[in-house]
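Only one structure is covered here, and it is reproduced in the block below.
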Amino acid sequence: MNISYPANCLHFPPHSSAIHMSREETVCKYCGVKKVKALEKQITFYEGSIEREKRLQEELQSLYLDLEHCRADRESKTERSEHVIWSDVILHVYVLGNACSKEVKTTNEIWLSFIKCSSIM
Numbered sequence: 001m002n003i004s005y006p007a008n009c010l011h012f013p014p015h016s017s018a019i020h021m022s023r024e025e026t027v028c029k030y031c032g033v034k035k036v037k038a039l040e041k042q043i044t045f046y047e048g049s050i051e052r053e054k055r056l057q058e059e060l061q062s063l064y065l066d067l068e069h070c071r072a073d074r075e076s077k078t079e080r081s082e083h084v085i086w087s088d089v090i091l092h093v094y095v096l097g098n099a100c101s102k103e104v105k106t107t108n109e110i111w112l113s114f115i116k117c118s119s120i121m
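Heads up: the sequence shown at position 5 corresponds to 5 in the numbering used here, and the numbers run straight through without jumps.
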């Protein structure tokens, strides 16, 4: 059975050739130094997770601000729409009132003309 012992292994005294070895080559197949490498990988992953979490929190905050802006904009537009609708209603009532007033005036003039004509006869 051939077991390789890297320089950082407690089961084998360090040697100078391990300095030039890659990280993969310095992982002990016997004592579990390989577990340290797995833990380092997890730490790297979680550090990346923290950065992603911060970025997502910032994005979420930005989306909340956009939502509040859209709500305020919608309320403002709703108020303006209601104001425009009521302005149109008032204008139509005014126009109809004037038309009715002219019609009544015309009807009264017709009656007066009729009365004048009938009194002349």
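Think of the CB as a built atom: it goes at the ideal place given N, C-alpha and C, for glycine as much as any other residue.
Just how far apart, CA to CA, sit SER87 and GLU51?
The residue labelled residue 87 in the question sits at position 87 within the sequence shown. The residue labelled residue 51 in the question sits at position 51 within the sequence shown. Roughly 54 Å between the two C-alpha positions.
Alpha carbon to alpha carbon, how far is HIS82 from SER113?
Indexing the sequence shown from 1 puts residue 82 at position 82. Indexing the sequence shown from 1 puts residue 113 at position 113. Strictly speaking, residue 82 in this sequence is Glu, with His absent from that position. Distance between the alpha carbons of GLU82 and SER113 is about 46 Å.
Whole angstroms are fine: how far does the CA of ARG71 sit from the CA of SER62?
Looking up residue 62 in the sequence shown gives position 62. Looking up residue 71 in the sequence shown gives position 71. Looking at the two C-alpha atoms, the distance is approximately 14 Å.
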